[in-house]
Amino acid sequence: MYFIRTITAACLLIGLCVPMLSPVILQLKQLHVQHEMLEKLEKQELISIRVKTNSIHWVKPKKECVLGTEMFDVKKIVVDGDELVLTGLYDAKEKELKRMIRQQSEQQSKQSKQTVQLLAALALPVDAANIFSYRAEPVVLKNLFRQSFYHSPFLGFLTPPPRFV
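Residue numbering for the sequence shown follows this note's numbering, starting at -1 and increasing by one per position.
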């Protein structure tokens, strides 16, 4: 029996940790891809492109930028008036990783919204939630403890306890 409990607890712990570790794993993959691109910048044939200065969005200043929808790793920059001549490589792997990170964050936000809705639905039963609303008419006391899902034994009491002076 103790062995089954241990296995169950370990499985639940792993199941809860996987969603929290997946962003870390994606970040590590991104660092690995960036390191690979630095090696490629040194070894491969580089591309030179001419771009307007105001159309560049820098991810890492003077190292990595976004041109349109493509990531571009920069090795050398030459300023020519209001234009820049960038020498480097396009980075398709990192673009794919950033897309995966964006999808995962959207999926986690949807899951967190669903979790909050589920917890809100389980927090108070419908009958018990109506007790806390203000009513001008006399309230008929009924024992909500037996009708509720036994969240709290104090849901049926509408008056405060007496004060002894």
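Note that the Cβ used here is the ideal one computed from N, Cα and C, for glycine as well.
Going by Cα to Cα distance, which pick from 50, 22, 4, 26 is closest to residue 80? 50
Drop a sphere of 10 angstroms on the beta-carbon of residue 70, count the other beta-carbons inside from all chains shown, and report buried for 16 or more, exposed for fewer. buried
Taking just the CA atoms, how far does residue 1 sit from residue 7? 10 Å
Around the Cβ of residue 63, are there at least 16 other Cβ atoms within 10 angstroms (buried) or fewer (exposed)? buried
Skipping 5 residues on each side, what residues in its chain have a beta carbon closer than 6 Å to that of residue 127? For residue 127, the predicted structure reports a pLDDT of 48, less than 50, and the residue's modelled location is therefore unreliable. The matter cannot be settled from this model.
Assuming residue 95 and residue 16 form a contact by the criterion Cβ under 8 Å, report the distance between their Cβ atoms to the nearest whole angstrom. About 19 Å; that fails the 8 Å criterion.
Tell me, to the nearest whole angstrom, how far the beta carbon of residue 60 is from that of residue 75; I am working on the premise that it is less than 8 Å. 6 Å
Could you give the C-beta distance for residue 88 and residue 68, rounded to a whole number, given that I count them as a contact under 8 Å? 5 Å
So for residue -1, helix, strand or coil by DSSP? coil
Inter-residue spacing [alpha-carbon to alpha-carbon] between residue 45 and residue 83: 10 Å
In DSSP terms, what residue 86 is bridged to: 45, 72
Ignore the nearest five residues each way along the sequence and tell me which others in residue 47's own chain have a CB closer than 7 Å to its CB. 84
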